[in-house]
Each structure stands twice: as structure tokens, then as C-alpha cells.
Amino acid sequence: MTCTLVPLDPLLTDPIRLQVVSLLEVEQWCWLGYLRYATGLREERLARHLRILREAKYVASAKGADSKGWVRLTPFGEERLGNHLTAMSKLLATSRELMTELHIEEPDWFEAVRKR
3 MTCTLVPLDP LLTDPIRLQV VSLLEVEQWC WLGYLRYATG LREERLARHL RILREAKYVA
63 SAKGADSKGW VRLTPFGEER LGNHLTAMSK LLATSRELMT ELHIEEPDWF EAVRKR
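Going letter by letter, the sequence shown gives residues 3 to 118 in my numbering.
Pasting the structure below:
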């Protein structure tokens, strides 16, 4: 068996953006204040990641009647998140298969190290 590369979503390989879209997957519309609290990010840093996601059509944003900023995951963003998570699962499964296939007995010295 050979290990083939699994196509992960390049925008979602960033842990901050993955966390943001994962949080948005749970709520239809999310208040930016909550998103800042949940991620622990400063407003400027969160805004930069949201801009990247918005330009890629992963999220949409709006101002509410209360003048608060709100953001949601678009259907396209939901699809991309689902594809990314599926690809990660396939990567893990492929890696497990490969390591099982290539399993080599532990060298004798490994037991001595483990006993320490």
C-alpha cells in the first residue's frame, strides 16, 4: 500500500479558521462578540480570518438591528467543512492502514527503554 495525499481544504488547514467555521457550523447566526470570546482572539485578528473566509464565500456577515456584527457559515462553507473533515478522516484511516501494514517488531533495546 502506498500513502496517497489527501486533499485537505487549504483555507481550513489554519487552526483558527477551522475553529471559526466549526463554531459557526453549530449556530445559524453567531454574534461576533461570542466568536471573539469562544476563540480568545483579539478583534483585529478575528476580523482578518473572517475576511479571508468571507472572500472565499465560506461565511457571510451582517449588522443586526442592534448594530452588532453577526456572521454565519454559508452552504458553500458547510460543504467545504464537511469535505475537509471527510478528508481528515480518510487521512487518518490511510495512515493507520499503512502503519499496520508496515508494522515492524520493536527492537530489543526498546523494551529496556520502556522499563525505565
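By construction, the Cβ of each residue, glycine as well, lies at the ideal position given by its N, Cα and C atoms. Computed from a predicted structure; not experimentally measured.
query                                                                                                                                                  : result
Pull up the DSSP beta-bridge partners for S63, would you.                                                                                              : V73
Just the C-alpha distance for A49 and G84, rounded to the nearest angstrom, thanks.                                                                    : 23 angstroms
Suppose contacts are defined by Cβ-Cβ distances below 8 angstroms. Is L20 in contact with L37 by that definition?                                      : no
I'd like the list of long-range same chain contacts for M90, defined as Cβ closer than 7 angstroms, with 5 residues on each side in sequence excluded. : L10
Measuring CA to CA, which of I18, Y60, Q30 is closest to T41?                                                                                          : I18
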